[in-house]
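Take a look at the structure below.
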Amino acid sequence: MFKIDIHTHILPENLNEITGIFSDPRFLILKPIDDVSAMLKKNGMEFRKVDCNCWNHKVRIEECDNNKINLQVLSTLPVLFSYWARDDECLSLSKFLNDHIVQICREEPQRFIGLGTIPMQNTDMAISEMDRCINELKFPGIEIGSNINGKNLSSKKF
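For the sequence shown, my numbering assigns the number 1 to the initial residue and increments by one for each residue that follows.
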């Protein structure tokens, strides 16, 4: 039986290259603990510990093999959506995250499929990045949050 794990979030090990240049302390920073774990920090405070399978796709493949999973659908950690951020910063972050996911999918196309993320707080930017995700990066879909800065997806804004 072919098994697909559709709920697998990932983040780039080099996340700080993008979030470290933004001035808002709410952007997540990845602080290594050791070779197999790291701490996500937000507002200068420890937010959540993550294991290396959160950024190392080779470890994911080993875990999938051990659990007889053939394919994973990769998507961004929802806490990284950053809909609260300045539009341009959220777009830059979305592109960075999408480029990371597509790189893994291109390296291991038999093991991973990617979903994109878009800056939902700015409709024009969201549409532009969605177009890039689907037509250039070849993602089959987009992952979005259900609430964007206090507005539900049913809002006329969306």
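Ideal placement from N, C-alpha and C gives every residue a C-beta, glycine not left out.
Next item on the list: From the DSSP output, read off the bridge partner residues of M45.
Entry: K42
Notebook entry, point to check: Looking at the structure shown, is S160 part of a helix, part of a strand, or coil, going by DSSP?
Noted result: Nothing about residue 160 can be reported from this structure: the residues present for the chain run from 1 to 158 only.
Next item on the list: In angstroms with no decimal places, state the Cα-to-Cα distance between K151 and S82.
Entry: 14 Å
Check: Would H7 be called buried (16 or more neighbouring beta carbons within 10 Å of its own) or exposed?
Finding: exposed
Item checked: Check whether L74 and I10 have beta carbons under 9 Å apart -> yes
Check: What separation, rounded to the nearest whole angstrom, lies between the Cα atoms of N149 and N56?
Finding: 31 Å
Check: What is the DSSP secondary structure of I118, counted as helix, strand or coil?
Finding: coil
Next item on the list: Find out if the Cβ-Cβ distance for the pair E129, G116 is shorter than 9 Å.
Entry: yes
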